[in-house]
Every structure is written in structure tokens, then in C-alpha cells.
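As C-alpha cells, the structure follows; a few thoughts come after it.
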Amino acid sequence: MLWLTLIGLALLCTGIGYGFSRLSASGNQSDVLVERINDCLPQTQCAQCNFPGCRPYAEAIATGQANINQCPPGGDSTIEALAEVLGVPVVALNVDYGTHKEPQVAFIDEAACIGCTLCIPPCPVDAIIGSTKLMHTVIAEDCTGCELCIEPCPVDCISLVPAKPEVSQWRYPKPARAHD
Amino acid sequence: MSEWLLILISAVFVNNFVLVQFLGLCPFMGVSNRVINALGLGVATTFVLTLAAALSHLLQTYVLMPLDLEYLRIIGFIFIIAVVVQFTELVMRRHSPLLHQVLGLYLPLITTNCAVLAVALLATQHQSTLLVALLQGFGAAIGFTLVLVLFAAMRERLERADIPKPFQGAAIAFITAGIMSLAFMGFAGVT
Amino acid sequence: MNNAFSLPTRSTGNIMMNVMLALIPGTVLMVYWFGAGIIVNISVIMLVSVACEAFVQMLRQRPATPAILDGSMLLAAWLLGLCLPPGLPLFELIIGAASMSLLGKHVFGGLGQNPFNPAMVGYAVLLISFPKTMTAWISPTEFSQAANAWDSITQATVLDRLRDLERQGLSVYEHTLSPWPWNAINVAWLFGGLYLLARGIIRWHIPIAMLLSAAVAHGLHYWAFPQHTLPPSSMLLSGAMMLGAFFIATDPVTAPSSLKARLLYGAGIGFITVALRSFSNYPEGIAFAVLLMNCAVPLLDRCFVLETKP
Amino acid sequence: MIKESIQDLPGGLALQTPSGAHIDSTLHAMPLQTHYYLPLVNYQRDVLQPNVSVGDKVMGGELIASGVIAPTSGTITQLTHHTWPHPSLTKVKTLTLAADGQDDFLTLPNITLCDDSAEEKLQRIERCSVHGLGGAGFNTAKKIQRVMEHNAPTLIVNAVECEPGINCDDALIQNHSVAVIEACDALCKWLNVSNALLAIEDDKTTAIEKLTQALLAQQSTMQLAPLSAIYPSGAESTLVQRLTGIQLTQGQPAAKFGVLCINVATVLAIHQAWKGLFSAQRILSVTTQDLKHSVNLQVRFGTPIDSTVQFAASVNPFIAKSLNENRASVSVGGPLSGFTQTNDSTPVMATSNALLVGAMPIKKPQSACIRCTDCATVCPVNLLPQELYSAVSAQDTDTAQRYALDNCILCGCCDLVCPANIPLTSWFQHGKDELKHQRAAEQNAVMAKARSEKHNTREQQRALDKAKADAQRRKVAAQRSQSAIDIKAALERVKNKRPSS
Numbered sequence: 001m002l003w004l005t006l007i008g009l010a011l012l013c014t015g016i017g018y019g020f021s022r023l024s025a026s027g028n029q030s031d032v033l034v035e036r037i038n039d040c041l042p043q044t045q046c047a048q049c050n051f052p053g054c055r056p057y058a059e060a061i062a063t064g065q066a067n068i069n070q071c072p073p074g075g076d077s078t079i080e081a082l083a084e085v086l087g088v089p090v091v092a093l094n095v096d097y098g099t100h101k102e103p104q105v106a107f108i109d110e111a112a113c114i115g116c117t118l119c120i121p122p123c124p125v126d127a128i129i130g131s132t133k134l135m136h137t138v139i140a141e142d143c144t145g146c147e148l149c150i151e152p153c154p155v156d157c158i159s160l161v162p163a164k165p166e167v168s169q170w171r172y173p174k175p176a177r178a179h180d
Numbered sequence: 001m002s003e004w005l006l007i008l009i010s011a012v013f014v015n016n017f018v019l020v021q022f023l024g025l026c027p028f029m030g031v032s033n034r035v036i037n038a039l040g041l042g043v044a045t046t047f048v049l050t051l052a053a054a055l056s057h058l059l060q061t062y063v064l065m066p067l068d069l070e071y072l073r074i075i076g077f078i079f080i081i082a083v084v085v086q087f088t089e090l091v092m093r094r095h096s097p098l099l100h101q102v103l104g105l106y107l108p109l110i111t112t113n114c115a116v117l118a119v120a121l122l123a124t125q126h127q128s129t130l131l132v133a134l135l136q137g138f139g140a141a142i143g144f145t146l147v148l149v150l151f152a153a154m155r156e157r158l159e160r161a162d163i164p165k166p167f168q169g170a171a172i173a174f175i176t177a178g179i180m181s182l183a184f185m186g187f188a189g190v191t
Numbered sequence: 001m002n003n004a005f006s007l008p009t010r011s012t013g014n015i016m017m018n019v020m021l022a023l024i025p026g027t028v029l030m031v032y033w034f035g036a037g038i039i040v041n042i043s044v045i046m047l048v049s050v051a052c053e054a055f056v057q058m059l060r061q062r063p064a065t066p067a068i069l070d071g072s073m074l075l076a077a078w079l080l081g082l083c084l085p086p087g088l089p090l091f092e093l094i095i096g097a098a099s100m101s102l103l104g105k106h107v108f109g110g111l112g113q114n115p116f117n118p119a120m121v122g123y124a125v126l127l128i129s130f131p132k133t134m135t136a137w138i139s140p141t142e143f144s145q146a147a148n149a150w151d152s153i154t155q156a157t158v159l160d161r162l163r164d165l166e167r168q169g170l171s172v173y174e175h176t177l178s179p180w181p182w183n184a185i186n187v188a189w190l191f192g193g194l195y196l197l198a199r200g201i202i203r204w205h206i207p208i209a210m211l212l213s214a215a216v217a218h219g220l221h222y223w224a225f226p227q228h229t230l231p232p233s234s235m236l237l238s239g240a241m242m243l244g245a246f247f248i249a250t251d252p253v254t255a256p257s258s259l260k261a262r263l264l265y266g267a268g269i270g271f272i273t274v275a276l277r278s279f280s281n282y283p284e285g286i287a288f289a290v291l292l293m294n295c296a297v298p299l300l301d302r303c304f305v306l307e308t309k310p
Numbered sequence: 001m002i003k004e005s006i007q008d009l010p011g012g013l014a015l016q017t018p019s020g021a022h023i024d025s026t027l028h029a030m031p032l033q034t035h036y037y038l039p040l041v042n043y044q045r046d047v048l049q050p051n052v053s054v055g056d057k058v059m060g061g062e063l064i065a066s067g068v069i070a071p072t073s074g075t076i077t078q079l080t081h082h083t084w085p086h087p088s089l090t091k092v093k094t095l096t097l098a099a100d101g102q103d104d105f106l107t108l109p110n111i112t113l114c115d116d117s118a119e120e121k122l123q124r125i126e127r128c129s130v131h132g133l134g135g136a137g138f139n140t141a142k143k144i145q146r147v148m149e150h151n152a153p154t155l156i157v158n159a160v161e162c163e164p165g166i167n168c169d170d171a172l173i174q175n176h177s178v179a180v181i182e183a184c185d186a187l188c189k190w191l192n193v194s195n196a197l198l199a200i201e202d203d204k205t206t207a208i209e210k211l212t213q214a215l216l217a218q219q220s221t222m223q224l225a226p227l228s229a230i231y232p233s234g235a236e237s238t239l240v241q242r243l244t245g246i247q248l249t250q251g252q253p254a255a256k257f258g259v260l261c262i263n264v265a266t267v268l269a270i271h272q273a274w275k276g277l278f279s280a281q282r283i284l285s286v287t288t289q290d291l292k293h294s295v296n297l298q299v300r301f302g303t304p305i306d307s308t309v310q311f312a313a314s315v316n317p318f319i320a321k322s323l324n325e326n327r328a329s330v331s332v333g334g335p336l337s338g339f340t341q342t343n344d345s346t347p348v349m350a351t352s353n354a355l356l357v358g359a360m361p362i363k364k365p366q367s368a369c370i371r372c373t374d375c376a377t378v379c380p381v382n383l384l385p386q387e388l389y390s391a392v393s394a395q396d397t398d399t400a401q402r403y404a405l406d407n408c409i410l411c412g413c414c415d416l417v418c419p420a421n422i423p424l425t426s427w428f429q430h431g432k433d434e435l436k437h438q439r440a441a442e443q444n445a446v447m448a449k450a451r452s453e454k455h456n457t458r459e460q461q462r463a464l465d466k467a468k469a470d471a472q473r474r475k476v477a478a479q480r481s482q483s484a485i486d487i488k489a490a491l492e493r494v495k496n497k498r499p500s501s
């Protein structure tokens, strides 16, 4: 009797296993996760995290190959958002990858530019326009301040400036609390 | 009718799994940081628990007892729970990807929820009918969902409170759960 | 802000003072019937809880004087004192006061942060830890020597006695109940509450919703089992009903924010109070009802994010 | 002629001006100053580029930057960083105009209501730099353009100044009621307005009387909407809601629903623009901090605050007294909505509707919030300020949004009633600003993501194309080299076949 039952159970297990293998489709769960992680990142595409862009970094986080504290432009708010999505504790930014700065944009000193076009391909968001032997310029609204164009410039005519003038960056300060 | 109502009330409040019997504490602490997550886990648990309670009852009554195999009860129930969870996940993924995206994360967690096994075990201890087992499972799950959601909302509020450093995080969560449990003790004796 | 507009100014301390003022008549009546034990309770609890408060403020390196002077702890201590039977052993009083102050308030960050009513936390801790002494409302005066046991045992024990009768399967009317001291005290609470309403310290939503739902729930129960329950007319004036409705449930810190949520909150307390009084092991359900509804407050607040005004 | 049955404001405060208050409704015109300071910044805090350079001579009315006109004729002497009337107390690029005393203005042709096109009328409003004079300083032409998309819009002329200490619109109406009604009628006619209302508090009896007379005299179709004097009845969202029933949420402009809600002084400015007059001045109330004495001045934009206050002091001895006692204390705006500014050469702008002179009231010590909900009772837009405060102070922007932080109109009622003296409005201002920046950052991230994806696909495509082209070239080269070898071999064969000589 016992043997019969065990055999029956084994058969049942096989059946269920077969059913599962038929039912289970290749999951797209990881894609969804990568997308949710990518949405938390600031999309500067600066590669400071040592990955070639925000999405590759998101993929690395999703597969557990990278930590959530490697994004200097995003700073603490990005780390908090990632911790929330992944259900892991919040950690401090890893300063090996850089420090958090206020938003900035690239600026080309147009007098010094020789029109070499070397800075155009590295720009991850196509924010530099210009042509051979002609002056280049940065579209400030599209620039993410990733600094990737600084290195290739042979005459060092690209610098980073604060994204917006002081007065539009100004925020109402946090009031004092009773026990601060 | 009033008997069924009593079973439900007893399962939801009086013998609340989390706050009175202290079962299923891991998801209670783990998935209560956001109300929306808590609700997701609660719904998934309700589904699985109700189904598992009924199936365990069937297994007990029609397989284990006639064959005198009651010593296999725990293994059998765990097997059933795992199957139900996996089954739920697969069906959900196939037929309702949206729901799966919302609840998918929590489904595997339910397998390890000791409350599910406890409900199945307790329901079979008192030689009850299938309907009673079903009601008990459902009531327990509703009770679980209720306190989970209440607790999640509470934790969202505590997150904004100015809690002394030594009590921040898990400490205050446990203290809060303790006081909630104290409140649920008021139901003691309701029959 | 600008003081050029002649707006009525009120401060936190002012609000607490008014509530304490409204507590005086009921307290006086309680002292009249139960003796100075009530005063002893209140003073011990006040002392211990203020000491706790000062200690915590010292640990957190914050000024203690304004925290004590806002009166919130004193008020909570007074309320807890009113709920305890006179002659409670000193160490129980200390435990109650410490749980109220530390567990009920300060672990959550102090004034304004606690999700549970501190006085009710203290009460529940005591009731569960020391059920025997906590339900012995025998007055120390000549009442205890009286021949008829019912005279010496007042209303909280009327509810107690009711439970015993019910357990024994006896009808309420086979025994004469003389709950009138408690009725009088409840009327005193009611007047205090009306004073608070008139001064605008509390709003009508919570007390009215609570009393209404308690009356409806009790009415249904009475209609179903008339011989096992008190008549609804005396129910609203029994136990701590009025104290709960006007002073405990209306604690703004632990009540929901919006008026709609407050109606639900009050109704929930009323219903649960009656349910617990009727079916649970404990004679009085208000403390647990308040704590249970406190559990639901964050969720209620999350559901009603806008104020609805008439 | 008078609109009946207006909904009550859900909340708000009846702010009484102190007894014995004296408001001077005469309009005192300020004499021409020697210097005017014109900040190169608009109401959205965008920095503007100047059209003129230092040393240029300008005529009154000349556009010296987009939306900024010269208030008089003179010479641009400086381009410096200068303070401007804003709570940030920051400095912005500012042009200094030294007046030449001629006060010559450019002349613009008259625009007639029937003959000229809508386009021309709008352009004229833009050209004369008409901005909202109620306090927000919106670009009026843009606002009207938005309303013109609607067929028969509703016009609400806002003359409600419920904040004590501000009475410039009251003074304007008392002095120019006929011109105001004329201007309103002209606007109605142009925009084909179906329903025109003029909202004013019911306690401004003189102004209402004069308006009624003017309405009768002009046979106007305007309706007067007297509102009970409860602060903040004049806020756009509550006003539109009460008069039309349209619920404005999340900072939606009323124009989207075909409602033009516009300040009464702005309406007059539009009308005057059509007549060729530039909008380079406004009426401004100067009030003592205790709100007991108030005068109304006609001030050109760019006039320094200190000279304005000095002039007010010369008109009213009580203001002079208050000024003597507290020389440095001036706040811009009313007692609730205003902010402290030092009494210096900071200029008056379109948004400055009042100056308060005197010592600021001392702030009472704060204590913890006990959720008493007094703030929710007075909130005119039905928010729960205590919950918002808890969310904003914990930097929980999601929760703050759930409690509708966007709907807050920053009226300051909750501050006034809070028993714990918590500066709630400052918190909400801070929270709104943080939210704005967060949303901008999210928007930028979305755009950058899209551009980066395009960049990546294009680069990949280019790499693929290149690889393909390389392969093709290699193949061709291989073929070519193969054929070269073949030719060589053939030549070789031919060579070998030839008999050697």
C-alpha cells in the first residue's frame, strides 16, 4: 500500500513537473527590472560608474554585478530610489566613482575651437553640433554634463559651467524646526 | 450562517495569525514598508492561503487518513502549498501579466510563510468540513492582509516621525507591532 | 506672524489647560465616591511620567521645561489616573506611568509623533499585566462595609458583574443594579466635553460618531438578547463611555486628520467598544477600542487626503 | 448688475484691519527720479539678455530687454549685479538708467477696437510690456492668447485685495472708476466675452458705489460680484472656483478653461496700451507695519524702494514716524504674503503691490505639531496642512504630492492659526520648489534617455554599416587582387608562348 502511494505521488510529481515546463514561458521579468532600475538613474550617460552608460549600469545592478552606490550625478536621491526598487538598504555614495555635483553643462570656448569634430562622437546625447573646420557649440538644454567631451578635445576649449544662472537655481530654504 | 460568521470573525480578529498567534512574522516585517506592497502581498496570500487550506483538507480527508499516512502530513502540505504558489504564479503570468508584475515579486515569499502551513495544519486538527476549512483559511488570510496593510500605513507614518536614534528602523517597527498586538488582546475571549 | 489682526491666539499649553479644566467636575465626583485614592493615583502617575519626560529630554539633549510645561504629559497622566481603581499598588502605578510615557510617547519621538494614545497604552499594559487588581473597583470608604455587595461595587464593576452573570447564564434583572454614581460621573464628563466643544478645543465629529455608533450597536445587541445586556438608555452613561468619547478619543495626535476619517474613527471606536463590552473577557472595551482604531489611523489618513468642509 | 448667490470660501480668515486705521486713497504721483534700476529677470526667474549696452541713450518705452521697457528717457549708465525684490535676496544683472529729465516717450499709434486686428492688439499688449499687476506678474499677452482659443470666454476682473495693508486696487477704482469700466467693456467686446464679472470685497463701499455709477453711466454689461472680505478671496484658483464652479487643480491656469482672470489694474493697462501708453508704472500701497496708516503712490518700475518709502513718508507723517523708528525694516508685499527686504536701492517691479514700513513682528517660539487641524479648518483649498508639513519636513515628496501640495496657494492662513507657531507656508514654499526641481530633473532624464537611445542605435547602425562596407571592400579588394594575379599569369603565359628572339 505504502509503495503504491509513493509510486502514485512520484507519478503525480512528474505530471505536475511536466505541466509546469509546458506552462512556464521564458520570463521577461528581468527586462522589467532593468527598466525600473534605469528609470531611477539620472540618464547623464557619464559612465562614471565604469559602465558605458546608464542602461548598462542598470543591467549590471539587475544581475548583481554592480552596487547601487556608483552613480555620482544621481547622488543620494538616486541611491534611495534604487534601494526602494530593489528592497535593499540605503548606502552612502561610493566616492571612488566621484562626488555629487550640482547640475552642470559643457561650454565650448568658441574662439579657441579649431573645428576638429573629435568631441562630437563621444557625446552620448548628441548635444554638440558643428562640422569640420567650423566652430562647434553645445546645446545647453540637451547637455547632461557628462564630461565625456572634455578628454578628446585637443585644444582644451571645453569647460563645465553651472547648468543655470544662480537666480533660477535658487530654492526656498528649509525653515528651522522647533528642536534643530 | 451565524456560525460561519463567527468562524470568520474569530479567524480575522480574535485569533489573528500575526498579532495574536505570532505566525507569519517574516513577511509581516519584511513587506510592510509600503502600503501598496503590503496590499499586493496580502491579496496574493489570500488567494494562496484559501486554496491551500481547502486542498490540504482534501488531501488529509481523502488521501492521508484513509491510507493511514498521517505522518506524511507536513510534507504533503508543504508540497501542496508549493504547488499552489507555483501554479498561481504561472497562471498569473500567462493570463494577467499586469497582475503578475505587481504581485510576482511576492508570490515565492508566500511559500515560506509559516502562517500558510499553520492554517492548513490547524484546520485539519479539528476534523472539520471542507467549508469550515475554506472559511478558516480565508479568514486567516483576510486577518493577515488587514494587519499587514494597517502596519504598512503605520510604518509609512513612523518613517516621517522624529524617532530617537536607538529606536529607528526595525526597533520601532517591533515596538509598534507589540502595541498593536496589545490592542488585539482586547479581543481575548470573544467567541 | 503679524499680530496686527486681532485673531484669537491659542497655544498648545492653552489647549491642554482647557482640557484639564474640563476634567475637574468629573474628577471631583470620582473623588467624592471613591475617596482620595483617585488623587493619589493621579499624582503618582503625574510625578512618574513627568520624571520620565525630563529624563528622556535630558537623554535627547533637548530642553525639558517647555516639553513639561506644554501640559500634554500631565493631561495624559490625569486621564490614566482616572481609569485606574483607587488603591492600586504603587509599583503598578509606576509601571503604568512609565509605559504611558516611554512606550506610549517617547519611543515614537515625543509630542505629536505617537500613533497610539499614551494613556490607553499605559492602561492596556496594566490591564493585561495585572487583571486582578485592575478590575477591583471597591471603594475604601464605608461602602465596603455595607451589607449589599452591589452598593460597595460601583459601575465599572457593574460591567464586571454583568460579565459574571452572563457567564453564569443569569439574567441581568434578577439582580438590582445601582449604577447611578457612575451615571453621575458620566454626566460630569459630558458637561466637560460640552465645555470643550463650546470653546472649540475639540470638534463634534469624533464624540458624536462614537456615541451614535455605540448606541446603534448596543441597541441591536439589546434587541437580539434583551435579558443579557443593560438597557441602551443607561449604556451611554456607563463605564468610561463619556470620558472616552470626549477626552480620550478626541486626542488630536492620535486621531485622523480629515473630518470624514474622524467620523469613521469615532464610529469604529463606538462599535468596537460595545462589541468588546459584550463579548470579550474584559468588562470595559474603550481602551482597546481606542488602541485598535489608532492602528487604523494612518491608513484612514492615507485614504482621505483632502478636507471636506460642509 | 450684481451677481447673487456666490459660494462661500471653504475656510480662510476674516482679517480685520485694526480699529482706527486710516487709508489714504488719493493717488500721489512720485516725481521723476534720477536713477532707475531695471533687473534683467522675468517672473519665471529667467535671466534676460539686454538689447542695449552701457552708454546708449534710450527713449521712454524703448524695449531694453524682452518684456522690460525703459520707464523714462535717459542714458544706460551701468550693467551691474543688483538686488531685486525677491525673497531670495540674491543679486541679478540689472541695468541702471540715468534719467535725463525730459521724460520723452516713444509715440505709438492709437489702436481702435473695431478696425485693428486681434493680432495687432495682442502685439501692442506685448510691446507695451503689460504684466499682471496683481502680484504674480504673468505675461498678460500670453494669458490672453491662451483664452482666445476659446469661443466665448468668461472674464473675471479681480479687484479683491483681502490682505490688509494692500489697497492699491481700491485706490485705483476710487480714482478712475469710469476708465476701469471702459477698459473692461473694451476687453469684453474684443474677446467676445459671454460672462463678465468684476469681483470686489463687499466692505469697499466707496469703490462699489463709484463702480455702480460708472456701470450705469456706461451702460456696461459687467456684473459686480461682491465677496465677503475673507482672506484669501482674491487668489485666482479660489476666485474662479467660487464664481464659475470650475475646479482648478495642480497649478492649472484658468485660461485653459476659457476663463480670463485678470487684475483690475492690468485691464486698465491693456486699454491704455491700445491708446499708446506704456505700462511702466503701477500703484503701490505704502503701509505701516501695524497696518494703521496707508498711502497709495504712483510709482514707475525701477524706482528704488528707499526713495519710494521716503516719498511716502513725506506724504504721511505716521509713515515718517514709523520709518524713523525702524530705518532698515521694509517688507515687500502684504503682511502674510510679503517678505523682508532691506530698505535700499532695490527697485519696485510689476509684482510689488505694497511696502510695509516698520519693525517686523517678533516670531513666537515653535513647538511640535499636535495635529490639532486648526490649519485644515482655515485652509481655503481644503488641504490638510498638518499632513503636508509632516511629509515636506521629512522630504517625502511622494506623500506630499498625495496630499496635493500642488494645490497649495501659499496664502499663509495656516501660519496665522497654528498654536505651535510652525512656519507652515515657508515649508510648503520649500516643498513646492523642491518638487519643481525634482520634476525638472526627471523631465531632463527622460529627454536625455531618449536622445541617448537614439545615439546608441545610430552608432550601432553605423558600426554595422561600417563592418558591412569593410567586408564589401575586402571582398572587392580580394577579387581585384585575384584578377590582378590572373592578369599577371595570363601575361606570363603570353610572354612564355612568344618565341624568344
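Protein chains in written order, with this note's numbering: chain U, 1 to 180; chain D, 1 to 191; chain X, 1 to 310; chain E, 1 to 501.
All C-beta atoms in this analysis are idealised placements derived from N, C-alpha and C, irrespective of residue type, glycine included.
Query: Tell me which residue opens and which closes the beta strand (DSSP E) that R282/E is part of.; Result: 281-288
Query: Using a C-beta to C-beta distance shorter than 8 Å, which residues of chain E count as neighbours of L21/X?; Result: Neighbours of L21/X on chain E: none; closest Cβ ~16 Å, over 8 Å.
Query: Please identify the residue among D433/E, K93/E, V160/E, D396/E whose C-alpha is closest to the C-alpha of D504/E.; Result: In the structure as shown, chain E starts at 1 and stops at 501, and residue 504/E therefore has no counterpart that could be examined.
Query: How long is the line joining the alpha carbons of A229/E and L212/X, rounded to whole angstroms?; Result: 38 Å
Query: Suppose only complete runs of 4+ residues qualify. What are the alpha helix (DSSP H) ranges in the segment 111-156 of chain E, listed by chain order?; Result: 118-127, 140-148
Query: Does the segment 36-45 of chain E come within contact of the segment 64-75 of chain E, defined as at least 3 CB pairs closer than 8 Å?; Result: yes
Query: Using CA atoms only, rank isn't needed, just tell me which of A240/X, L263/X, G35/X, R277/X is closest to W182/X.; Result: A240/X
Query: I want to verify the contact list: residues of chain D whose CB lies under 8 Å from the CB of L292/X, in sequence order.; Result: A183, F184, G186
Query: When you compare each of M222/E, L284/E, G338/E to I2/E by their alpha carbons, which one comes out closest?; Result: M222/E
Query: Would the segment 289-302 of chain E count as touching the segment 179-194 of chain E if we require 3 or more Cβ pairs under 8 Å?; Result: no
Query: Does the Cβ of H136/U have 16 or more other Cβ atoms within 10 Å, making it buried, or fewer, making it exposed?; Result: buried
Query: Within 8 Å, do at least three Cβ pairs link the segment 259-275 of chain E to the segment 1-15 of chain E?; Result: no
Query: Nearest to C414/E by alpha carbon, out of N407/E, A376/E, E434/E?; Result: A376/E
Query: Might you give, ordered along the chain, the residues of its own chain that have their beta carbon closer than 6 Å to the beta carbon of T26/E, omitting 5 neighbours on each side?; Result: none
Query: Which residues in chain X have a C-beta closer than 7 Å to the C-beta of V35/D? List them in chain order.; Result: R302
Query: Of the residues that make up the segment 374-404 of chain E, which ones have a beta carbon closer than 7 Å to any beta carbon in chain D?; Result: S390, A391, A394, D396
Query: Shortest alpha-carbon distance to N158/E belongs to which of D170/E, Q429/E, N444/E, T397/E?; Result: D170/E
Query: I'd like the span of the alpha helix (DSSP H) that includes R480/E, first residue to last.; Result: 424-497
Query: Within 10 Å of its beta-carbon, does Y123/X have 16 or more other beta-carbons around it, so buried, or fewer, so exposed?; Result: buried
Query: What distance in whole Å lies between the Cβ atoms of V332/E and T308/E, which are believed to be in contact at a cut-off of 8 Å?; Result: Contact doesn't hold; Cβ gap of about 11 Å is too wide.
Query: Taking DSSP as the reference, what is the three-state secondary structure of N38/U?; Result: helix
Query: V187/X and L237/X: beta carbons closer than 8 Å?; Result: yes
Query: Please work out which residues of its chain come closer than 6 Å, Cβ to Cβ, to N113/D, disregarding the five sequence neighbours upstream and downstream, and give them in chain order.; Result: G24, P27
Query: So, C149/U versus I139/U, is the Cβ gap smaller than 8 Å?; Result: no
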